[in-house]
Amino acid sequence: MSKGRLLAVFLMAVTVAVLVIGTVWPIPSAVGYSSGKNILRSSSTPEAAIQSLGDQIRAQEWHKAYSGLANKAQFTEADFVHNLTGYYPSLLTYATLDKFEVLPLHASATEADIRLKLYWATVVGTSVTTHDLHVVRNGDRWEAEWPIVKETIVPPQVIPVNYLRWDVIYRGTGDDWGAQDVEAPHVRIVDMHPVDRAEGLVIVGELLNEDVVPAYVSVSATLLAKNQSTIATEGSFDKISHLLLPKQVTPFLINFPNVALSDVGSVRMTPLSSLVSASADPVIEIDNEQLNPAPGASLTGQLTNQSGQVVNVAHVLGTFYDKSGQVLWVADQYIDSALLPQTPTPFEIHIPEDLARKVGSQRAVIATFSSGGSQ
Amino acid sequence: MISRFAFLAGSLAAGAMQLALAQGGNMVLPKTVEAGVAFSISSIGNGKATLYIVGPGQVLKRDVQLGETIFFPQGSLYNAGHYLAALAGQTSTENGSFDVLPANTPVNLSFTARPSRLEVSQHDGITGAVYVFDAYRNLIATPFPVSFELSTPSGTVQKHIVITRRGAAWTAMDSTSQQGVDRFVARAAGVSSTRVVGQVPGDPCGLKMSARQLGQKIQLATEPLRDCNGNAVQDGTIVTFTEVYNGAQSMVDVPLKHGIAEAQMPAHAGAVISVASGVVLGNQIRWER
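Protein chains in written order, with the numbering used here: chain P, 150 to 524; chain X, 758 to 1046.
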């Protein structure tokens, strides 16, 4: 009995001690989420001012962050918020700031340049935005000048669109057993290639919708050992454009972490397709697509939404071919701002440098999502 | 009074059609009964008993007076299969069995046609399978001729007659060279079932585009796309225009509209523009203006 009491007293003491430690010396992320009210960062140095700004953005204390800016007279608080999270609903609208980095670039007694890298936690992973801030001294405080980029606002107008739309009526649950149903779209893997990487085996390839109707597609692969036993099965997840219009081609990439190509006897590929209601709109043009060599190898270009519909989330998938035209690699990027009609939006897809040297040609496809339904 | 007489006459007629009777001691069972048809079971002896008939999906129970004939009206037993009969008296129980067979008249056809959509000119591309059932959804195992008829909008008709084996008949037919919606009809003993099969165009054949200056851009347009049989390729089919210039590339996927794909691309002197749809490549244009 006395042992039980002793244990209870001990646990209570430990709990109180942990509470005191957490309150007096909180970890930085806890400070951010608790609005930073407990520990106020000083703005007595340029770095401290930007740290404070980063904390306020992470806590979504927009008014406090805006009030601390040196150039706030040039734009409104709403402009500042839209600059960070988008004027139209986009990937960043529902994101939270996970962490940020402050990188001093230059400093003098009265001004400094600091790079602020914001790591947003979005539904499709981390999205990084970089802002180069000019920081000026104002008395004993330092204040940042926010490099505002006002988002283009599409003027009110009517854009007639008459692209096709497909709707599907399936057989009813009460239909006779032999009653006919609509056929699933016919899709075909037109290229497939295993790539041995340090982090594991990667299967890359291309899938064609050879039917006359839209298809919702995915690809899975099963690795078989030399004795025909199954090593692993994985799917392409989001490294594919799931909606394929007739005769459209999508690349796909399937990751098998910690598997070496030498262990694999064969690969069984399974393309899956189902009918889906879809629209041929929007049409996205890819302009000025350029392959930039190593170091920092990347595919850059601009997306132009040729339709009248705002695209809230765009996913760019790049397919890279070797000199013989075989698929070498697949990489992707989510665009963190909405694609407005007729407004070019840049993209940049990074490529592993060892593979970039072997790239002979490339191709990009765009998967889009507009609020109100998948397109 | 009339209905009772009809019931009695029907029962006696059904009983007369039975070729052999299974003896079960105190009861006389029919060897076979047609599904849904009236039948009777005779009993021998004195006293009261209970008759149980147990089969696939059905159980019947009757209180009987031994020595009398028990009549079962139409529709009493309708699931084809093997049935057990048990006559439980006060001192003993008698067992027997008999079979319920499907009716010989087809009433329902389950017609499975595959696929619902296929390319033109596919040899044996369309398959049809028919299962013949009686009014109570019993598969009729006796051979029946089934007629399969595939008719296209142009009036071409393919007809196959197949005899069912163990209740099923199947066939394969060719898709024709013309796109459209075909009617696929299966008939057996006056009963028919219809399915539709869409014949769709194949890959584009001879994909060709032209280019002209439109302000600061190039207006690209394909000729009306047709497959190798001359069928118009369906609207919505994706056509990809690719322009390569000075080490850069522009590309756009455009859906066919009214049989033609059109796009505007940046005008760069020396640019090479190509067109493709799926795995089909079209012509190339070198833009010199």
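Where is the CB? At the ideal position from N, CA and C, for every residue including glycine.
Taking D992 (chain X) as the query, report the chain P residues whose CB atoms sit under 8 Å from its CB, ordered along the chain. Counting from one through the second sequence, the residue named residue 992 (chain X) turns up at place 235. Correct list: L313.
Report buried or exposed for M930 (chain X), applying the criterion of at least 16 other Cβ atoms within 10 angstroms of its Cβ. Position 173 of the second sequence, counted from the start, is the residue given in the question as residue 930 (chain X). Its Cβ being crowded by 16 or more others within 10 Å, M930 (chain X) is buried.
Please list the segments of the beta strand (DSSP E) lying wholly inside the segment 224-267 of chain P, counting only runs of 3 or more residues, in order along the chain. 245-256
What are the complete beta strand (DSSP E) segments, minimum 3 residues, inside the segment 374-437 of chain P? 379-384, 398-406 and 415-424
How far does the beta strand (DSSP E) with Q451 (chain P) in it reach, from first residue to last? The count along the first sequence starts at 1 and reaches residue 451 (chain P) at position 302. Residues S447 to N454.
Suppose you measure from the CA of Q455 (chain P) to the CA of P490 (chain P); what does that come to, to the nearest Å? As a first step, residue 455 (chain P) must be located in the first sequence, where it is residue number 306. As a first step, residue 490 (chain P) must be located in the first sequence, where it is residue number 341. About 6 Å.
Residue range of the alpha helix (DSSP H) that includes W478 (chain P): As a first step, residue 478 (chain P) is located in the first sequence; it is residue number 329 there, counting from the start. Segment V476 to I484 is the beta strand (DSSP E) holding W478 (chain P); no alpha helix (DSSP H) there.
Would you say I188 (chain P) lies against chain X (beta-carbon separation less than 8 Å)? Counted from its first residue, the first sequence places residue 188 (chain P) at position 39. Bear in mind that the predicted position of I188 (chain P) carries a pLDDT of just 46, short of 50, making it too unreliable to give a figure here.
Comparing the C-beta of D436 (chain P) with each C-beta of chain X, is any distance below 8 Å? Indexing the first sequence from 1 puts residue 436 (chain P) at position 287. Yes, its Cβ sits closer than 8 Å to a Cβ of chain X.
Within the segment 991-1016 of chain X, note down every full beta strand (DSSP E) run reaching 3 residues or more, in order along the chain. 995-1002 and 1005-1012
S201 (chain P) and R290 (chain P): beta carbons closer than 8 Å? For the purposes of this step, residue 201 (chain P) is taken as residue 52 along the first sequence, with counting starting at 1. For the purposes of this step, residue 290 (chain P) is taken as residue 141 along the first sequence, with counting starting at 1. Contact flag unset, no.
Three-state secondary structure (DSSP) at V158 (chain P)? Taking the first sequence and counting its residues from 1, one reaches residue 158 (chain P) at position 9. Here V158 (chain P) sits in helix by DSSP.
Is the beta carbon of A1024 (chain X) sitting closer than 8 Å to the one on Q970 (chain X)? As a position in the second sequence, residue 1024 (chain X) is number 267, starting the count at 1. As a position in the second sequence, residue 970 (chain X) is number 213, starting the count at 1. A contact, by the Cβ cut-off of 8 Å.
Excluding the five sequence neighbours on either side, which residues of its own chain have a C-beta within less than 8 Å of the C-beta of Q511 (chain P), listed in chain order? Counted from its first residue, the first sequence places residue 511 (chain P) at position 362. Closer than 8 Å at the Cβ level, and outside the excluded window around Q511 (chain P), lie E438, L440, L448, G467, T468, F469 and Y470.
Specify the secondary structure class of V317 (chain P) as computed by DSSP and reduced to three states. Working through the first sequence from its first residue, we reach residue 317 (chain P) at position 168. Coil.
Flag M966 (chain X) as yes if its beta-carbon sits less than 8 Å from any beta-carbon of chain P, otherwise no. Numbered from 1 along the second sequence, position 209 holds the residue referred to as residue 966 (chain X). Judged by the 8 Å Cβ criterion, M966 (chain X) is not in contact with chain P.
On the DSSP bridge assignment, give the partners of A968 (chain X) in chain order. Stepping through the second sequence from its first residue, residue 968 (chain X) is reached at position 211. DSSP lists X:L977 as partners of A968 (chain X).
How should D485 (chain P) be labelled, buried or exposed, when 16 other C-beta atoms within 10 angstroms of its C-beta is the threshold for buried? Locating residue 485 (chain P) in the first sequence gives position 336, counting from the first residue. Around the C-beta of D485 (chain P), 16 or more other C-beta atoms lie within 10 Å, and the residue is accordingly described as buried.
Which ranges would you report for the beta strand (DSSP E) in the segment 280-319 of chain P if only whole runs of at least 3 residues count? 290-294
Does any CB atom of chain P fall closer than 8 Å to the CB of G885 (chain X)? Your numbering for residue 885 (chain X) matches position 128 in the second sequence. No, its Cβ sits nowhere closer than 8 Å to a Cβ of chain P.
Taking the Cβ atom as the reference point for each residue, do G853 (chain X) and A842 (chain X) lie within a distance shorter than 8 Å? Along the second sequence, read from residue 1 onward, the residue named residue 853 (chain X) stands at position 96. Along the second sequence, read from residue 1 onward, the residue named residue 842 (chain X) stands at position 85. Yes, the pair counts as a contact, with Cβ atoms nearer than the cut-off.
What does a CB cutoff of less than 7 Å around K221 (chain P) pick up in its chain, not counting 5 residues either side in sequence? As a position in the first sequence, residue 221 (chain P) is number 72, starting the count at 1. Cβ within range, chain order: Y215.
Rounded to the nearest angstrom, how far is the Cβ of V368 (chain P) from that of T419 (chain P), given a contact under 8 Å? Start at 1 with the first residue of the first sequence, and residue 368 (chain P) comes out as number 219. Start at 1 with the first residue of the first sequence, and residue 419 (chain P) comes out as number 270. Going by Cβ atoms, the distance from V368 (chain P) to T419 (chain P) rounds to 7 Å, so yes, they are a contact pair.
Within 8 Å, strictly: CB atoms of V127 (chain P) and V336 (chain P): Residue numbering for chain P in the displayed model covers 150 to 524; residue 127 (chain P) lies beyond these limits and cannot be assessed.
Have a look at T225 (chain P) and G445 (chain P) and give me their C-alpha separation to the nearest angstrom. As a first step, residue 225 (chain P) is located in the first sequence; it is residue number 76 there, counting from the start. As a first step, residue 445 (chain P) is located in the first sequence; it is residue number 296 there, counting from the start. Rounded to whole angstroms, T225 (chain P) to G445 (chain P) spans 36 Å at the Cα level.
Within 8 Å of any Cβ in chain X, is that where the Cβ of V432 (chain P) sits? As a position in the first sequence, residue 432 (chain P) is number 283, starting the count at 1. Yes, because at least one Cβ of chain X sits closer than 8 Å to the Cβ of V432 (chain P).
Bridge partners for T172 (chain P) per DSSP, in chain order? In the first sequence, counting from the first residue as 1, residue 172 (chain P) sits at position 23. DSSP output for T172 (chain P) lists no bridge partner at all.
Using only the alpha-carbon positions, how far apart do G882 (chain X) and H917 (chain X) sit? Taking the second sequence and counting its residues from 1, the one referred to as residue 882 (chain X) is at position 125. Taking the second sequence and counting its residues from 1, the one referred to as residue 917 (chain X) is at position 160. Going by the C-alpha atoms only, they are around 15 Å apart.
Is the beta carbon of A717 (chain X) sitting closer than 8 Å to the one on F905 (chain X)? Because chain X here runs from 758 to 1046, residue 717 (chain X) falls outside it and cannot be looked at.
Report the residues of the segment 276-304 of chain P with a CB closer than 8 Å to any CB of chain X, ordered along the chain. none
Determine the chain P residues that contact V1032 (chain X) at a beta-carbon separation under 7 Å, and present them in chain order. As a working note, residue 1032 (chain X) is residue 275 in the second sequence. Within chain P, no residue comes near V1032 (chain X); the closest Cβ sits about 12 Å away, beyond 7 Å.
Counting only Cβ pairs nearer than 7 Å, list the residues of chain P close to P1012 (chain X). Taking the first residue of the second sequence as 1, we reach residue 1012 (chain X) at position 255. Neighbours of P1012 (chain X) on chain P, chain order: Y312, L313, L394 and A429.
What is the C-beta distance between V903 (chain X) and T921 (chain X), in whole angstroms, given that I count them as a contact (C-beta under 8 Å)? Translated into the one-based positions of the second sequence, residue 903 (chain X) becomes position 146. Translated into the one-based positions of the second sequence, residue 921 (chain X) becomes position 164. Going by Cβ atoms, the distance from V903 (chain X) to T921 (chain X) rounds to 6 Å, so yes, they are a contact pair.
How long is the line joining the alpha carbons of G804 (chain X) and Q847 (chain X), rounded to whole angstroms? Sequence index remark: in the second sequence, residue 804 (chain X) carries index 47 (1-based). Sequence index remark: in the second sequence, residue 847 (chain X) carries index 90 (1-based). Cα to Cα, the separation comes out at about 8 Å.
Assuming P195 (chain P) is part of the beta strand (DSSP E), what are its boundary residues? In the first sequence, the residue the question calls residue 195 (chain P) occupies position 46. From DSSP, P195 (chain P) is part of no beta strand (DSSP E) but of the alpha helix (DSSP H) over P195 to R207.
Just mark T159 (chain P) as buried or exposed, buried being the case when its beta carbon has 16 or more other beta carbons within 10 Å. What you label residue 159 (chain P) is simply residue 10 of the first sequence in a count that begins at 1. It is Phe, not Thr, that sits at residue 159 (chain P) in the sequence shown. It is exposed - the Cβ of F159 (chain P) has fewer than 16 other Cβ atoms within 10 Å.
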